[in-house]
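Start counting at 1 in the sequence shown, then tack on 17, and there's your number in our numbering.
Even glycine gets a Cβ: it sits at the ideal position worked out from N, Cα and C.
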Amino acid sequence: MPMVRRAMSTRIATGFVLAATLLLAGCGSSDTSSTAASTTAKAGQPTTTKSGDSKPAAVTVDVTDMKFSPAEVTVKVGETVTWKFKDSVPHTVQGIGDKAMGINSPIFDKGEWSYTFFAPGTYRYLCSLHPQMRGTVTVE
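Here it is as structure tokens:
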């Protein structure tokens, strides 16, 4: 009987170690390219702000009536886009595709969220709660 318990304990411990290893392995990346804004403090970081807490946005996108308005905006490299949430239902701003992976707001129904773009390109996004809501930021 003690041999069975020991084997069972070893299997359970091995399972926990394997699960932890797989979880930690998913947190890293071997990609060293930096084409989109990073979420590190050096490259710029998305911020959740209250009115007056940060520098003015180059462009403001209103999130109201189940749409992003305007849905297409253009900014220069280094400029910030602020999304102002004013709807009766919650929304997010979620980047679409590899280039826009850093664009990932929390869920809001009221408030603001900003993102600074440091690389030229076209960044598509949507509301993850309402995928029909879509927008594009073009960075020149």
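Item, Value
"Residue range of the beta strand (DSSP E) that glutamate 129 falls in?", "125-133"
"Mark threonine 133 as exposed unless 16 or more other C-beta atoms lie within 10 angstroms of its C-beta, in which case mark it buried.", "buried"
"Terminal residues of the continuous beta strand (DSSP E) containing threonine 91?", "89-92"
"Could you tell me the alpha carbon to alpha carbon distance between lysine 101 and glutamate 129, rounded to whole angstroms?", "5 angstroms"
"Quick one: what's leucine 146 bridged to in DSSP?", "Bridge partners of leucine 146: none, in fact."
"How many angstroms separate the CA atom of lysine 116 from the CA atom of proline 148?", "18 angstroms"
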